[in-house]
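In our numbering, the protein residues as written are 193 to 387.
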């Protein structure tokens, strides 16, 4: 995989389940891109499963995989969030949130049992996800006189960037998103039009 590609999951929520000594672990994997999305989704599960003992989660954000968090929500330290995050890391995924809701079954599982349960529930949710390859994009804004429209559109057609927005006036403006490794080439080709 090149430096401007990363693995994530599709927008369809992956659901998983694990049961041990009458404790039930319901797992949900979501595609997310911001911490605000994470907070909203976790809050919605806390509301939906208000009677559950724990709502634990882990997330990983960004193509560089540098923004992440694991939350045990009252379980013994590192027995819930870390095993969930471990499943995300084992597949090299990012822009993902996995929430595991635990209903306590009346029997303590011990730290080893909890780690296995949270890891297994998260793995089951991931098994029900579609892993997709995404690319890191760079957005380029280019302003040009209307007379250059055909030249600009020819470059767009040849290099195939995604048109984010455009406006036509005395001075036209186009905003293009393109794979990071191809951004420099696009910028240079557009700038040459003005020479």
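Glycine residues also receive a C-beta, built at the ideal position from the N, C-alpha and C atoms.
Limits of the beta strand (DSSP E) - the one that residue i falls within
{"i": "residue 406", "result": "With the chain covering 193 to 387 only, the question about residue 406 has no answer from this structure."}
{"i": "residue 286", "result": "No beta strand (DSSP E) contains residue 286, which DSSP labels as neither H nor E."}
{"i": "residue 226", "result": "Element bounds for residue 226: n/a, residue is neither H nor E."}
{"i": "residue 211", "result": "206-212"}
{"i": "residue 262", "result": "259-263"}
{"i": "residue 197", "result": "197-201"}
{"i": "residue 359", "result": "354-359"}
Selected residue, minimal CA-CA separation from residue i, among the options
{"i": "residue 296", "options": "322, 247, 363", "result": "247"}
{"i": "residue 372", "options": "200, 326, 202, 209", "result": "326"}
{"i": "residue 254", "options": "288, 277, 355, 274", "result": "288"}
{"i": "residue 368", "options": "362, 240, 349, 385", "result": "349"}
{"i": "residue 301", "options": "234, 268, 244", "result": "268"}
{"i": "residue 308", "options": "214, 320, 365, 275", "result": "275"}
{"i": "residue 320", "options": "366, 217, 199, 206", "result": "206"}
{"i": "residue 343", "options": "382, 261, 361, 358", "result": "382"}
{"i": "residue 215", "options": "244, 198, 266", "result": "244"}
{"i": "residue 217", "options": "199, 241, 347", "result": "241"}
{"i": "residue 200", "options": "361, 282, 330", "result": "282"}
{"i": "residue 363", "options": "260, 341, 262", "result": "341"}
Span of the alpha helix (DSSP H) around residue i
{"i": "residue 371", "result": "From DSSP, residue 371 is part of no alpha helix (DSSP H) but of the beta strand (DSSP E) over 363-371."}
{"i": "residue 250", "result": "Note, residue 250: premise wrong, no alpha helix (DSSP H); beta strand (DSSP E) at 246-253."}
C-beta atoms of residue i and residue j nearer than 8 Å
{"i": "residue 210", "j": "residue 230", "result": "no"}
{"i": "residue 272", "j": "residue 293", "result": "no"}
{"i": "residue 316", "j": "residue 219", "result": "yes"}
{"i": "residue 398", "j": "residue 353", "result": "Given a span of 193 to 387 for the chain in the structure shown, any question on residue 398 remains unanswerable."}
{"i": "residue 332", "j": "residue 378", "result": "yes"}
{"i": "residue 314", "j": "residue 208", "result": "yes"}
{"i": "residue 221", "j": "residue 318", "result": "yes"}
{"i": "residue 279", "j": "residue 202", "result": "no"}
{"i": "residue 324", "j": "residue 196", "result": "no"}
{"i": "residue 234", "j": "residue 249", "result": "yes"}
{"i": "residue 298", "j": "residue 212", "result": "no"}
Environment of residue i [buried if 16+ CB atoms lie within 10 Å]
{"i": "residue 356", "result": "exposed"}
{"i": "residue 264", "result": "buried"}
{"i": "residue 204", "result": "exposed"}
{"i": "residue 387", "result": "exposed"}
{"i": "residue 236", "result": "exposed"}
{"i": "residue 224", "result": "buried"}
{"i": "residue 286", "result": "buried"}
{"i": "residue 311", "result": "buried"}
{"i": "residue 198", "result": "buried"}
{"i": "residue 303", "result": "exposed"}
Which runs of the alpha helix (DSSP H) fall wholly inside the segment 308-351 and span at least 4 residues, in chain order? As far as the segment 308-351 is concerned, its whole alpha helix (DSSP H) runs of at least 4 residues are 341-351.
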